[in-house]
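A.B. asks: What follows is a single structure, and I will ask about it in a moment.
In this note's numbering, the protein residues as written are 1259 to 1707.
Written as structure tokens, this is what we have:
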């Protein structure tokens, strides 16, 4: 997709995003690119019309690179599952919320025995962090982390870590010599959307298979009476099934095209004032009245059209979330943008059609950048559906749109943010009344004494 930057030059958006990782200036004139990138629809149509073969070849090359990248990611995840073994467990307060993959953070460890246990079990400084409020010790959710740096103070060991991936901890054993638990672990990853769904196969319309036709034909041939009646009845059944299948597939294709148009509209307009309107349009497309009565058998991930719908839904949610972040940062000015970009470098989409891994990592980065209740964060942490996580984050952004929910400070759950994140005006008024009552009692008591 070609985009035009403020200086007037045009570039491929995916290539431009990769160039911005090294230098935030125009590759030609070296002027500042800024954050605004306008999609050049006219240039895109001209390229398709004038150079159809080169355009098709470019799309094919991008698809091949994407498939190779997906295979590499799947192999890395398979190796992680294959090489999983015993791991030390560090329990953190539930109120901290979980750490998400890719997050770099510091923790304070007050007992040197735990670091000794980590060195005993792993030479690479690997352990797992979980909640200390977990009552089910047979299986726990945690995050696989690696120690990057550590320094000693008079009170504690300050350890800098990076979160690798989520894990499920089981076979938990108490190591009495070190006073900590160790456990077996199994990596936890999101469900992958098939990478070859872009050229979705419309041959799904022929779901009335040859075997069905042969069975019906044999029944007709073996019948001794009323053969013409049976034949006409079965032919009607086949026709009805085909017509219903045609109708369903057509509706799903129309829905998919509508999602593509909505995504293109969001990218072109890039309007922070229309955030709620974009999501309402998405709901109108996906959650129509017919879907409410439809069975869930159609929502099969093996269906390429449904997979494409899930994929474009993920991108739509991601674009809306990026607009929500921009809307939040506008109140802080340029200083807020600089602080946010320096703290959360991974909250961006580097391509117009990101891979499954990029969407998954993007959702994790969003989860770590938002201030919310720990229960909400644990819900995002435990789900293995990227679409559900991104939609839940989008809904949370829209719900708290007029409140400051970005973690621009170093605290994971500041009290001042929790005070102003109440869900209703009534709750806020009750707190103000309570504070006023305390001041009044103190004032009366002081003067009476």
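Positions of the beta carbon are idealized from the N, C-alpha and C atoms, including for glycine.
1. At 3 residues or longer, and completely inside the region 1385-1458: list those beta strand (DSSP E) runs for me, N to C.
2. Hey, quick one: how far does the alpha helix (DSSP H) through residue 1350 stretch, first residue to last?
3. Name the DSSP bridge partner or partners of residue 1664?
4. Quick one: what's got a C-beta closer than 7 Å to residue 1623's C-beta in the same chain, skipping five residues either side?
5. Start and end of the alpha helix (DSSP H) containing residue 1592?
6. Using the C-alpha atoms, what's the distance from residue 1414 back to residue 1264?
7. I need the straight-line Cα distance from residue 1539 to residue 1417, nearest angstrom please.
8. At the level of alpha carbons, what is the spacing between residue 1284 and residue 1278?
9. Quick one, which of 1390, 1615, 1419, 1534 has its alpha-carbon nearest residue 1355's?
10. Taking the straight line between their C-alpha atoms, what separation do you get for residue 1345 and residue 1567?
11. Measuring straight from C-alpha to C-alpha, what distance separates residue 1291 and residue 1350?
12. Please go through the same chain and pick out, in chain order, the residues whose beta-carbon is closer than 8 Å to the beta-carbon of residue 1516, but skip the five residues on each side of it.
13. Considering only C-alpha positions, which residue in the set 1386, 1426, 1642, 1375 is nearest to residue 1433?
14. Report the CB separation of residue 1576 from residue 1648 in whole angstroms; it is logged as a contact under 8 Å.
15. Have a look at 1419, 1388, 1437, 1435 and flag the residue whose alpha-carbon is nearest the alpha-carbon of residue 1426.
16. Can you find at least 3 beta carbon pairs, one from the region 1573-1587 and one from the region 1528-1535, that sit closer than 8 Å?
17. Beta-carbon separation of residue 1442 and residue 1428 under 9 Å?
18. Between residue 1640 and residue 1399, how many whole angstroms is the CB-CB distance? I'm expecting something under 8 Å.
19. Alpha carbons only, please: which of 1620, 1420, 1343, 1449 is nearest the one belonging to residue 1430?
20. Just the Cα atoms here: how many angstroms apart are residue 1276 and residue 1595?
21. Determine which residues share a DSSP beta bridge with residue 1364 and list them.
22. When we look at the beta-carbon of residue 1717 and count the other beta-carbons within 10 Å, is it buried (16 or more) or exposed?
23. What is the DSSP secondary structure of residue 1289, reduced to helix, strand or coil?
C.D. replies: According to the structure data:
1. Listed in chain order, they are 1397-1410, 1415-1433, 1438-1446.
2. The count along the chain shown starts at 1 and reaches residue 1350 at position 92. Here residue 1350 belongs to no alpha helix (DSSP H); instead the beta strand (DSSP E) covers 1344-1350.
3. Here residue 1664 refers to the residue found at position 406 of the chain shown. 1628, per the DSSP bridge assignment.
4. Residue mapping note: residue 1623 aligns to position 365 of the chain shown, counting from 1. Once the five neighbours on either side are set aside, the close Cβ partners of residue 1623 are 1360, 1602, 1604, 1605.
5. Here residue 1592 refers to the residue found at position 334 of the chain shown. Per DSSP, residue 1592 belongs to the alpha helix (DSSP H) from 1591-1601.
6. Counting from 1 along the chain shown, the entry for residue 1264 is found at position 6. Counting from 1 along the chain shown, the entry for residue 1414 is found at position 156. One C-alpha to the other measures close to 50 Å.
7. Position 281 of the chain shown, counting from 1, holds the residue named residue 1539. Position 159 of the chain shown, counting from 1, holds the residue named residue 1417. When the Cα atoms are used, residue 1539 and residue 1417 turn out to be separated by approximately 46 Å.
8. In the chain shown, the residue the question calls residue 1284 occupies position 26. In the chain shown, the residue the question calls residue 1278 occupies position 20. Take the alpha-carbon of residue 1284 and the one of residue 1278: they are about 9 Å apart.
9. The sequence position of residue 1355 within the chain shown is 97, counting from 1. For the residues 1390, 1615, 1419, 1534, the minimum Cα distance to residue 1355 belongs to 1390.
10. Against the chain shown, residue 1345 aligns to sequence position 87. Against the chain shown, residue 1567 aligns to sequence position 309. Computed Cα separation, rounded: 39 Å.
11. Here residue 1291 corresponds to residue number 33 of the chain shown, with the count starting at 1. Here residue 1350 corresponds to residue number 92 of the chain shown, with the count starting at 1. C-alpha separation (whole angstroms): 42 Å.
12. If you number the chain shown from 1, residue 1516 lands on position 258. Cβ neighbours of residue 1516 within its own chain (closer than 8 Å, five residues either side excluded): 1543.
13. Start at 1 with the first residue of the chain shown, and residue 1433 comes out as number 175. The residue with the shortest Cα to Cα distance from residue 1433 is 1375.
14. Position 318 of the chain shown, counting from 1, holds the residue named residue 1576. Position 390 of the chain shown, counting from 1, holds the residue named residue 1648. The Cβ separation is near 6 Å, so the contact holds.
15. On the chain shown, position 168 is the one that residue 1426 refers to. By alpha-carbon distance to residue 1426, the top candidate from 1419, 1388, 1437, 1435 is 1388.
16. Contact holds: three or more Cβ-Cβ distances are below 8 Å.
17. Within the chain shown, residue 1442 is the residue found at index 184, counting from 1. Within the chain shown, residue 1428 is the residue found at index 170, counting from 1. The beta carbons of residue 1442 and residue 1428 sit closer together than 9 Å.
18. Your numbering for residue 1640 matches position 382 in the chain shown. Your numbering for residue 1399 matches position 141 in the chain shown. Indeed, because the Cβ distance is near 6 Å, the residues count as touching under 8 Å.
19. Taking the first residue of the chain shown as position 1, residue 1430 is located at position 172. For the set 1620, 1420, 1343, 1449, the Cα lying nearest the Cα of residue 1430 is the one of 1343.
20. For the purposes of this step, residue 1276 is taken as the residue at position 18 of the chain shown. For the purposes of this step, residue 1595 is taken as the residue at position 337 of the chain shown. If you draw a straight line from the Cα of residue 1276 to the Cα of residue 1595, it comes to about 20 Å.
21. Indexing the chain shown from 1 puts residue 1364 at position 106. Paired residues: 1418.
22. The question about residue 1717 has no answer, for the chain in this structure spans 1259 to 1707.
23. Position 31 of the chain shown, counting from 1, holds the residue named residue 1289. Here residue 1289 sits in coil by DSSP.
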